[in-house]
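Structure, as structure tokens:
Protein chains: 2
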Amino acid sequence: MQIMSNNNICSIHILRKAKLSNTKIRKSILEFLIQNHGPFSIEEIHQKISNCDSTTVYRCIKKFEKHEIVEKCDFGDNISRYEYKCLEHHHHIMCRSCHKIEIVKYCFVKEMEKILMMQGYKDVSHKLEFFGICQDCQNESG
Amino acid sequence: MQIMSNNNICSIHILRKAKLSNTKIRKSILEFLIQNHGPFSIEEIHQKISNCDSTTVYRCIKKFEKHEIVEKCDFGDNISRYEYKCLEHHHHIMCRSCHKIEIVKYCFVKEMEKILMMQGYKDVSHKLEFFGICQDCQNESG
DNA sequence: TCTAAAAATGCAATCCGATTGTTTTTTTAG
DNA sequence: CTAAAAAAACAATCGGATTGCATTTTTAGA
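For the protein sequence lines, the chains are A and B, in the order given.
Per this note's numbering, the first sequence starts with residue 3, numbered consecutively.
Per this note's numbering, the second sequence starts with residue 3, numbered consecutively.
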């Protein structure tokens, strides 16, 4: 009953559920993302997975994203980062200086900034963007 | 007392204040961004400015960003968009289908999603990321 | 207004994250 | 076990962004 084999079973189940074929590389990526919160760049994921082309990581992650197994995060540096989409809604804070990423659990923006400053972060700011289907597009497809 | 000349004066003042030299291209870009909310991609700005290399737009916008005259927005499509940094704090909503961008004035996330849905948007989601200087980096530079 | 120094621009080249095409290999379903 | 489908490797390419350098424009001081 090792953690590794649990995660292995877990990743197989996730792939099955999404009707994605169950390959070594996909399992490795998924296990890595389940065990480590991230979010991680493709480059970072690629380095952790042995004997695998980075293109394959790109394609796997795209598939995972499409099936909502992972979620993309943008920190405005033109590098996409991905994390395993766990149930709890949360956000992140990236240090402007060292780029370390930490989890933020609180959920109201202004309150969150205050709490982060109390946690020791300085010069806290945030980026928030919304996405949705606008009225025009709903009418077109309807 | 035309709007154009007001904006012209305005853009000159902004450049002066930031100690940036006052060129035709910079004025054009700034006037365009003041008159139109955006946010706009470099490509979009470039198309609006006559006889100007896109590299110059990149460089001007970088300068403006550094001097906090414009602000970068990321919508996760690997295209940076910029808007004139007006005083009022606000966010945006981009249609997942047609990519139209609208302003969002409200400020509490969950409440905002509800209001947007009442405004006619469907499947509303959001991305929120924080930035700051972490404790470790503060200690290093101190 | 003139002039030298500093800054901005245009153009070409390049960078780099991401994507695509094609062949080979692996996985799946029966 | 086998044929069809999917994934992986590898090379090529895309495209937004950046950089280097020669030329032009702007600025600041006389």
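All C-beta atoms in this analysis are idealised placements derived from N, C-alpha and C, irrespective of residue type, glycine included.
Owing to the predicted nature of the structure, the values given are computational and were not obtained by experimental measurement.
Among the options, the one whose alpha carbon lies nearest that of residue i
{"i": "G134 of chain B", "options": "A:I47, A:D138 and A:D125", "result": "A:D125"}
{"i": "I36 of chain A", "options": "A:F66, A:D76, A:G78 and A:E131", "result": "A:F66"}
{"i": "C149 of chain A", "options": "A:K74, A:I47, A:R98 and A:I44", "result": "Because chain A is modelled from 3 through 144, residue 149 of chain A falls outside the range shown and cannot be assessed."}
{"i": "N38 of chain B", "options": "B:L130, B:H69, B:R83 and B:A20", "result": "B:R83"}
{"i": "R18 of chain B", "options": "B:R98, B:V59 and B:I71", "result": "B:I71"}
{"i": "H69 of chain A", "options": "A:L22, A:N141 and A:S56", "result": "A:L22"}
{"i": "I103 of chain B", "options": "B:K64, B:Q49 and B:F42", "result": "B:F42"}
{"i": "E46 of chain A", "options": "A:E85, A:F132 and A:S99", "result": "A:E85"}
{"i": "F132 of chain B", "options": "A:F77, A:S99, A:N24 and A:F132", "result": "A:F77"}
Sub-8 Å separation of residue i and residue j beta-carbons
{"i": "K26 of chain B", "j": "S13 of chain B", "result": "no"}
{"i": "C62 of chain B", "j": "I16 of chain B", "result": "no"}
{"i": "L130 of chain A", "j": "H101 of chain B", "result": "no"}
{"i": "K106 of chain A", "j": "H92 of chain A", "result": "Checking the sequence, you will find Val at residue 106 of chain A rather than Lys. Cβ distance < 8 Å, so V106 of chain A and H92 of chain A count as in contact."}
{"i": "I44 of chain B", "j": "S56 of chain B", "result": "yes"}
{"i": "C139 of chain A", "j": "C54 of chain B", "result": "no"}
{"i": "C136 of chain B", "j": "Y60 of chain A", "result": "no"}
Buried versus exposed, by CB contacts within 10 Å (16 or more), residue i
{"i": "H94 of chain A", "result": "buried"}
{"i": "E33 of chain A", "result": "buried"}
{"i": "D79 of chain A", "result": "exposed"}
{"i": "G40 of chain A", "result": "buried"}
{"i": "E142 of chain A", "result": "exposed"}
{"i": "I5 of chain A", "result": "Low local confidence applies: a pLDDT of 34 at I5 of chain A is under 50, so the model's placement there is unreliable, and no value is given."}
{"i": "Q49 of chain B", "result": "exposed"}
DSSP state of residue i mapped onto helix, strand, coil
{"i": "E45 of chain A", "result": "helix"}
{"i": "D125 of chain A", "result": "strand"}
{"i": "F34 of chain A", "result": "helix"}
{"i": "H15 of chain A", "result": "helix"}
{"i": "E90 of chain B", "result": "coil"}
{"i": "I27 of chain B", "result": "helix"}
Run of the alpha helix (DSSP H) containing residue i, from where it starts to where it stops
{"i": "R61 of chain B", "result": "S56 to K68"}
Residue range of the beta strand (DSSP E) that includes residue i
{"i": "H93 of chain B", "result": "H93 to C97"}
{"i": "C75 of chain B", "result": "V72 to D76"}
{"i": "I105 of chain B", "result": "I103 to V106"}
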